Amino acid sequence: MFTLIKREITDHIPHLILAVALAATMVGLLVYFTLVDLDEGVAVLVSLGLFAIAGCCSMGIAQVYGDRANKISPFLVTLPVTRAQILTARLVTGVLAILIVLLPTVIAATVLLDRYVPALFFYWQAIVEVSLTLFLVALACYCLGLLIGSSTRKLLLVAACLLVPFLMMTLVAVKGFGPQAMAVLGLLILAAVVRVVTKFSSTPL
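At position 75 of the sequence shown (counting the first as 1) the number is 75 in the working numbering, and the numbers step up by one without a gap.
This is the structure:
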């Protein structure tokens, strides 16, 4: 399994490098805007956040599209490797990319807010709810990318990278950060994963 995960990481190293760069940029901007002008920084950070979740969708698409184009899975199943292991390695790599961006950003935001913003009674609960909601948004975009990546229509793939993040953020704007949004996102992720597993398991390689 470790070898499969290592292969996925190697095959999609540009997405992981981009994740590291995004994390560093967001942490740097958080520090700058917290010290200079927090209100001005919100729009910039939201824009970067949209770019990050678009990248999650893009990674999911790239994994499936690249797998099909390079006939990776047909080769791997000739080895002592199961389809479930291939898909698990793919999902682990996607979650890793999400955490690379999210964890440093959340830690930096928590430290800066604790240092420069007066603590409110909902402070820690808000941090947890926002962090979990953002993680689920990114994961939903990634899982939908895995699902959409099986399409051979390039226009659809490009449109998905633009539309899916917009729809996810619209959901959050309507439901807010919290249990309602998380429940909807959780159901969406579950449905997408079930469909991806079913499709990958039943499609001839």
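C-beta: ideal position from N, C-alpha, C; glycine also. In this text, all values refer to a predicted model and were calculated from it rather than measured experimentally.
Subject >> DSSP-derived helix/strand/coil call for F51 >> reply: As a working note, residue 51 is residue 51 in the sequence shown. DSSP places F51 within a helical segment (H, G or I) once states are collapsed to three.
Original post:
Which term fits I100, buried or exposed, when burial requires 16 or more other beta carbons within 10 angstroms of its beta carbon?
Top reply: For this step, residue 100 is matched to residue 100 along the sequence shown. Classification for I100: buried.
Original post:
Taking just the CA atoms, how far does I189 sit from K6?
Top reply: Here residue 6 refers to the residue found at position 6 of the sequence shown. Here residue 189 refers to the residue found at position 189 of the sequence shown. If you take the alpha carbons of K6 and I189, they lie about 24 angstroms apart.
Original post:
Is the beta carbon of I86 sitting closer than 8 angstroms to the one on L4?
Top reply: Sequence index remark: in the sequence shown, residue 86 carries index 86 (1-based). Sequence index remark: in the sequence shown, residue 4 carries index 4 (1-based). Yes; because the gap between Cβ atoms is below 8 angstroms, this pair is in contact.
**OP:** Alpha carbon to alpha carbon, how far is E8 from A89? Give it in angstroms, no decimals.
**Re:** On the sequence shown, position 89 is the one that residue 89 refers to. On the sequence shown, position 8 is the one that residue 8 refers to. A89 and E8 have their C-alpha atoms roughly 7 angstroms apart.
Original post:
How big is the Cα-Cα spacing for G176 and R115?
Top reply: Position 176 of the sequence shown, counted from the start, is the residue given in the question as residue 176. Position 115 of the sequence shown, counted from the start, is the residue given in the question as residue 115. Note on geometry: alpha-carbon atoms of G176 and R115 lie some 25 angstroms from one another.
Original post:
Do you know how far the Cα of T34 is from the Cα of A126?
Top reply: As a working note, residue 126 is residue 126 in the sequence shown. As a working note, residue 34 is residue 34 in the sequence shown. Rounded to whole angstroms, A126 to T34 spans 18 angstroms at the Cα level.
Original post:
Applying the criterion that 16 or more other CB atoms from any shown protein chain within 10 Å of the CB defines a buried residue, is G28 buried or exposed?
Top reply: Within the sequence shown, the letter at position 28 stands for residue 28. Classification of G28: exposed, given that the 10 Å Cβ count is below 16.
Original post:
Rounded C-beta distance between L112 and V31? I'm assuming under 8 angstroms.
Top reply: On the sequence shown, residue 112 is found 112 positions in, with the first residue counted as 1. On the sequence shown, residue 31 is found 31 positions in, with the first residue counted as 1. 7 angstroms between Cβ atoms; contact.
Original post:
Hey, is the stretch 55 to 65 in contact with the stretch 12 to 28, meaning 3+ C-beta pairs nearer than 8 angstroms?
Top reply: Between the stretch 55 to 65 and the stretch 12 to 28, the count of Cβ pairs shorter than 8 angstroms is three or higher; the stretches touch.
Original post:
How is T34 classed by DSSP in three states: helix, strand or coil?
Top reply: The residue labelled residue 34 in the question sits at position 34 within the sequence shown. When DSSP states are grouped into helix, strand and coil, T34 belongs to the helix group.
**OP:** Report the option in S131, A54 and I53 whose CA atom is closest to the CA atom of T110.
**Re:** By one-based count along the sequence shown, residue 110 stands at place 110. Measuring C-alpha to C-alpha distances from T110 to each of S131, A54 and I53 identifies S131 as the nearest.
Subject >> Alpha carbon of G186 to alpha carbon of V20, nearest angstrom >> reply: Here residue 186 refers to the residue found at position 186 of the sequence shown. Here residue 20 refers to the residue found at position 20 of the sequence shown. Going by the C-alpha atoms only, they are around 26 angstroms apart.
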